[in-house]
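**Q** The working numbering puts the first residue of the sequence shown at 316, with every later residue one more than the last.
Heads up, the beta-carbon is just placed ideally off N, CA and C, and yes, glycines get one too.
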Amino acid sequence: MIQNLQCFNEKIEALKELLTENKKNNVLTGAGISTESGIPDYRSKGTGLWERFDPMKYVSVTALMTDPKKFFDFNIPTWTKYVNAQPNIAHKVIAKLEEMGYIQTVITQNIDGLHIKAGSKRVREVHGHLRTCHCIECKKTFPFEEMSGQYFSGINPPKCSNCGGMLRPDVVLFEDPMGKDYLKALEDMEGCELLVVVGSSLQVYPVADLPSFSKKLVIINKEETPWDRYADLVIHESIGEVFRHLAEIMYINVN
Ligand SMILES: [Zn+2]
């Protein structure tokens with residue numbers, strides 16, 4: 316629950332003002348925005364998956380190449396949950412804010428595709444997405460369901476129907492280089508007046524550097540981040556509550 320309602324209301328008013336008085340506003344989202352869509356935040360304290368599992372052993376290029384069976388056993392069931400998840404109020408309000416001209420670009424660390432499902436148009440998925448996969452040999456692209464479908468019918472690792480090579484998802488694994496969306500995100504940060512960080516603890520580089528390219532900074536995250544002390548506004552509350560209230564005072568109907 317919200318600890319201090321008056322203070323909370325003032326912060327949401329301040330957020331509205333920042334969004335309306337600045338012209339080039341971007342949003343940067345991380346795992347925290349999707350927890351209310353049923354997707355766990357792997358880095359959150361106490362419940363984070365990465366406190367129990369070493370990501371290098373499960374979600375890295377080395378893991379894929381040395382023990383693909385274990386790689387797919389670990390990842391495909393999780394990713395399938397992401398693919399079936401639905402956007403929540405925060406994704407929906409952000410999409411409306413873009414439509415209304417208050418947000419120019421959504422940069423996301425998430426691979427769940429929920430910004431696009433919510434209707435956001437200009438989205439940079441800097442860690443990739445789960446709409447497609449590709450063959451590591453001939454590079455042919457397939458829908459994600461080609462890979463997950465084979466897996467669930469007992470074919471592990473999933474194979475390319477063109478050349479028999481192994482399929483892999485179009486997500487940025489540990490040890491992968493950043494994709495082209497990251498370069499686009501850097502361009503989008505040029506001249507950025509306001510960056511609103513939503514649900515990212517700003518610990519994963521190079522994305523954690525993006526706030527340094529913005530004149531003003533807002534952080535909406537349940538936990539503290541290393542950027543809090545440089546921010547113009549910090550809101551440590553439920554992301555759903557923040558966007559529900561923002562929608563109310565900006566007359567945004569997301570039904
Ligand atoms: Zn192939």
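(1) What are the start and end residues of the alpha helix (DSSP H) that includes residue 398?
(2) Determine, using beta-carbon pairs with one atom in the segment 403-411 and one in the segment 337-352, whether at least three such pairs fall under 8 Å.
(3) Would residue 466 be called buried (16 or more neighbouring beta carbons within 10 Å of its own) or exposed?
(4) Is residue 483 buried or exposed, if buried means 16 or more other CB atoms sit within 10 Å of its CB?
(5) Please report the straight-line C-alpha distance between residue 524 and residue 353, rounded to a whole angstrom.
(6) Do you know whose CA, among 562, 442, 377 and 384, lies nearest residue 499's CA?
(7) Any beta carbon from chain C within less than 8 Å of residue 469's own beta carbon?
(8) Between residue 461 and ligand 1, is there a pair consisting of the residue's CB and a ligand heavy atom that are separated by less than 7 Å?
(9) At a cut of 8 Å, does the segment 486-505 reach the segment 434-453 through at least three beta carbon pairs?
(10) From the DSSP output, read off the bridge partner residues of residue 423.
(11) How would you call residue 568, buried or exposed, if buried means at least 16 neighbouring beta carbons within 10 angstroms?
(12) Output needed for residue 331: all residues of its chain with C-beta closer than 7 Å, excluding positions within five of it in sequence on either side, in chain order.
(13) Which value, in whole angstroms, describes the spacing of the CA atoms of residue 514 and residue 355?
(14) Between residue 497 and the rest of its own chain, which residues show a CB-CB distance below 6 Å, the 5 nearest in sequence each way excluded?
(15) Going by DSSP, what residues sit across from residue 531 in a beta bridge?
(16) So what's residue 485 in DSSP terms, helix, strand or just coil?
(17) Tell me residue 549's beta-bridge partners as DSSP assigns them.
(18) Quick one: what's got a C-beta closer than 6 Å to residue 369's C-beta in the same chain, skipping five residues either side?
(19) Please list, in chain order, all residues of the same chain as residue 396 whose beta carbon is under 8 Å from its beta carbon, the five residues on each side excluded.
(20) Quick one: grab the DSSP three-state call for residue 335.
**A** Based on what the coordinates show:
(1) What you label residue 398 is simply residue 83 of the sequence shown in a count that begins at 1. Unbroken alpha helix (DSSP H) run through residue 398: 383-399.
(2) yes
(3) Counting from 1 along the sequence shown, the entry for residue 466 is found at position 151. Residue 466 should be labelled buried.
(4) For the purposes of this step, residue 483 is taken as the residue at position 168 of the sequence shown. With 16 or more other Cβ atoms within 10 Å, it is buried.
(5) Position 209 of the sequence shown, counted from the first residue, corresponds to residue 524. Position 38 of the sequence shown, counted from the first residue, corresponds to residue 353. Approximately 28 Å, taken between the alpha carbons.
(6) Taking the first residue of the sequence shown as position 1, residue 499 is located at position 184. The residue with the shortest Cα to Cα distance from residue 499 is 442.
(7) In the displayed structure, chain C is absent; only one protein chain is listed.
(8) The sequence position of residue 461 within the sequence shown is 146, counting from 1. Not under cutoff, so the answer is no.
(9) yes
(10) Position 108 of the sequence shown holds residue 423. 344 and 440, per the DSSP bridge assignment.
(11) Taking the first residue of the sequence shown as position 1, residue 568 is located at position 253. Classification for residue 568: exposed.
(12) By one-based count along the sequence shown, residue 331 stands at place 16. These residues qualify, in order along the chain: 561, 564 and 565.
(13) Locating residue 514 in the sequence shown gives position 199, where the first residue counts as 1. Locating residue 355 in the sequence shown gives position 40, where the first residue counts as 1. Going by the C-alpha atoms only, they are around 12 Å apart.
(14) As a working note, residue 497 is residue 182 in the sequence shown. Only 441 meet the Cβ criterion.
(15) Within the sequence shown, numbered from 1, the residue matching residue 531 stands at position 216. Bridge partners of residue 531: 509.
(16) Translated into the one-based positions of the sequence shown, residue 485 becomes position 170. Here residue 485 sits in strand by DSSP.
(17) Position 234 of the sequence shown, counted from the first residue, corresponds to residue 549. The partner list for residue 549 (beta bridge, DSSP) reads 534.
(18) Within the sequence shown, numbered from 1, the residue matching residue 369 stands at position 54. Hits under 6 Å: none found.
(19) Numbered from its first residue, the sequence shown carries residue 396 at position 81. 353 and 354.
(20) On the sequence shown, position 20 is the one that residue 335 refers to. Three-state DSSP puts residue 335 in a helix.
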